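Structure first, commentary second.
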Amino acid sequence: MTESPVTRVVLADHELPAEFRTGHVEVRRITLAPGLVAGPHVHNGPVFGVVVSGSVDFQVGDGPRVRLGVGDVFHEPGDERIEAFDATDEGVEFLGWFLLPSGVEAVLTPLA
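In case it helps, the UniProt record's numbering puts the sequence shown at residues 1 to 112.
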């Protein structure tokens, strides 16, 4: 038996709220300088991402704080507190997919 030349692995699988209507998806390449502390914040829609270089300390709400490195994926639920998305001493670059209703722009709201 020969091995398939294609491998598919699910890296993340997240349910979206039933009432959420995705009208468009914005994909961004975002770079955070070494040591940048983004601070607590919320997004107005879910964000999915993958780290392409460097690393970041990441925490959603009261969940565990984890260090994400190259190839790691993450999900920031819309309207839920993101406690930490802090670049390490090497900085971080990631691709983020912002799911949004039609006619709505992505908004990041800093929290105290």
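Here a beta-carbon is modelled for each residue, glycine too, at the ideal position from N, C-alpha and C. Remember, predicted model here, so these are calculated numbers, not experimental data.
According to the Cβ coordinates, are Gly91 and Ala33 closer than 9 Å? Translated into the one-based positions of the sequence shown, residue 91 becomes position 91. Translated into the one-based positions of the sequence shown, residue 33 becomes position 33. Yes, the Cβ-Cβ distance between Gly91 and Ala33 is below 9 Å.
Would you mind stating whether Gly35 and Val51 have Cβ atoms separated by less than 9 Å? For the purposes of this step, residue 35 is taken as the residue at position 35 of the sequence shown. For the purposes of this step, residue 51 is taken as the residue at position 51 of the sequence shown. Contact flag unset, no.
Where do the N-terminal and C-terminal ends of the beta strand (DSSP E) with Arg65 fall, by residue? In the sequence shown, residue 65 corresponds to position 65, counting from 1. DSSP places Arg65 outside any beta strand (DSSP E), giving it a letter other than H or E.
Beta carbon of Gly78 nearer than 9 Å to that of His43: Numbered from its first residue, the sequence shown carries residue 78 at position 78. Numbered from its first residue, the sequence shown carries residue 43 at position 43. The answer is yes: Cβ separation under 9 Å.
If you drop the 5 nearest sequence neighbours on each side, which residues of the same chain put their C-beta closer than 7 Å to that of Ala84? For the purposes of this step, residue 84 is taken as residue 84 along the sequence shown, with counting starting at 1. Excluding residues within five positions, the ones whose Cβ falls inside 7 Å are Asp57, Phe58, Gln59, Arg65.
Quick check: what's the CA-CA separation for Gly69 versus Glu80? Working through the sequence shown from its first residue, we reach residue 69 at position 69. Working through the sequence shown from its first residue, we reach residue 80 at position 80. Going by the C-alpha atoms only, they are around 23 Å apart.
Confirm, please, whether the CB-CB distance from Phe74 to Phe48 is below 9 Å. As a working note, residue 48 is residue 48 in the sequence shown. As a working note, residue 74 is residue 74 in the sequence shown. A contact, by the Cβ cut-off of 9 Å.
Of all the options Glu76, Val104, Asp89, which has the alpha carbon lying nearest to the alpha carbon of Gly63? Within the sequence shown, the letter at position 63 stands for residue 63. Comparing Cα-Cα distances from Gly63 to each of Glu76, Val104, Asp89, the minimum goes to Glu76.
Taking 9 Å as the cut-off, decide whether the C-beta atoms of Pro101 and His41 are in contact. Locating residue 101 in the sequence shown gives position 101, where the first residue counts as 1. Locating residue 41 in the sequence shown gives position 41, where the first residue counts as 1. No, Cβ-Cβ distance for Pro101 and His41 is not below 9 Å.
With distances taken between CB atoms, is the gap from Leu108 to Arg29 smaller than 9 Å? Position 108 of the sequence shown, counting from 1, holds the residue named residue 108. Position 29 of the sequence shown, counting from 1, holds the residue named residue 29. In this structure, the beta-carbon distance from Leu108 to Arg29 does not fall below 9 Å.
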